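Here's the structure we're looking at; comments come further down.
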Amino acid sequence: MAKSFAPRIRFWTLALGILLGYGAIGYRLFELHVIEAPKLIEELESNRFRLIPLNSRRGDIFSYDLNGDKELFATSKTLLEVGIDPVALKKEDLDKLPQLSRLLNQELSRVERVFGARSGEFIGDDSTRRDRWRLLSRRVEEGLYDRILKLEISGLYGTRNYERVYPKNSLASHIIGLVRHDGEAVLGVEREFDFYLSGQRGWRESEVTAGEEMAQFRRRYVPPRDGMNLALSIDPYVQHQIELELAN
2 MAKSFAPRIR
12 FWTLALGILL
22 GYGAIGYRLF
32 ELHVIEAPKL
42 IEELESNRFR
52 LIPLNSRRGD
62 IFSYDLNGDK
72 ELFATSKTLL
82 EVGIDPVALK
92 KEDLDKLPQL
102 SRLLNQELSR
112 VERVFGARSG
122 EFIGDDSTRR
132 DRWRLLSRRV
142 EEGLYDRILK
152 LEISGLYGTR
162 NYERVYPKNS
172 LASHIIGLVR
182 HDGEAVLGVE
192 REFDFYLSGQ
202 RGWRESEVTA
212 GEEMAQFRRR
222 YVPPRDGMNL
232 ALSIDPYVQH
242 QIELELAN
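Numbering (the working numbering), first residue to last: 2 to 249.
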């Protein structure tokens, strides 16, 4: 009796184990396809498409002198914020890092650290490179950026920014006003006419593969609208003489 009972116990134990195993697999499939499906689809879409902001150029503030020549009081200098998408990096790109460090005038060790590399090899595995943006330099001029692009490093791209500069320095500064580093206009005509000078930012949404933008699969593109220029009736020479007299 005991001999026939023992195999039966083993049979039902094995059957129960198999049943529980298939039940766990079924529950996990249900969890993935029903419970977690919206979250997983959202993550997939966020990795599949990249939204890239496009900054607008702020308009110039100028006047004309007695000879009819344009005199700039405020203008916008084009600079690019350059960084990398670590997910898109390829091992063959690491050989180009010495050239990149020279162009950026940065230490090679610093550039390698941004790339997550050392001595021509990646540090860690793919799980350590999940962030989609690492900054290399905030202030890269367009000519230098064109030379950097010629290196054809995967996942390296720049975002165009504009820095407000004042060629006349403090001349008529109480009239011109100021734009802070965060882009907020304070005082003067910079603030008074900010709506017209600032323009409107644009953006584009593109499909990416291996972290690289696929221009042929851009879904939406909204071009930036540059700001309007503003002409003043100030004569720079007369203004300079008045400020000299007031200073004395």
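For every residue, glycine included, the Cβ atom is placed at its ideal position computed from N, Cα and C.
If you're wondering where the values come from, they're calculated on a predicted model, not measured in any experiment.
Taking the C-beta atoms as reference points, S64 is found no nearer than 9 Å to G228. Put simply, of I53, G24 and R192 the residue whose alpha carbon is nearest the alpha carbon of S174 is R192. If only uninterrupted alpha helix (DSSP H) runs of at least 4 residues are considered, those enclosed by the stretch 62–140 are 98–105 and 109–116.
Unbroken beta strand (DSSP E) runs of no fewer than 3 residues, entirely contained in the stretch 167–235, are found at 203–210 and 213–223, following chain order. Boundaries of the alpha helix (DSSP H) harbouring E143: E143 to L150, taken from the DSSP string.
One alpha carbon belongs to E143, the other to T79, and they sit about 7 Å apart. In the structure shown, the three-state DSSP call for R58 is coil. For E37, there is no enclosing alpha helix (DSSP H), since its DSSP letter is neither H nor E. In the DSSP assignment, E244 falls within the alpha helix (DSSP H) that extends over P237 to A248.
Note that the stretch 236–248 does not touch the stretch 87–102; fewer than 3 beta-carbon pairs, one per stretch, sit closer than 8 Å. Judged by their CB atoms, I235 and F116 are not nearer to each other than the 9 Å cut-off. Only buried fits E113, as 16 or more other CB atoms lie within 10 angstroms of its CB. The C-alpha of T160 is placed about 5 Å away from the C-alpha of L81.
G203 sits away from V180, with the two beta carbons spaced by 9 Å or more.
In the DSSP assignment, E164 forms a beta bridge with K78. In the three-state DSSP reduction, G18 falls in the helix class (H, G or I).
Contact check for G156 against D61 fails: the beta carbons are separated by 9 Å or more. Among the bridge pairs identified by DSSP, I53 is matched with R205. Setting aside the 5 residues that flank it on each side, R119 is surrounded in the same chain by E113, each with a C-beta closer than 8 Å to its C-beta; the list follows chain order. For L104 against R148, the beta-carbon gap comes to about 6 Å, under 8 Å, which counts as contact.
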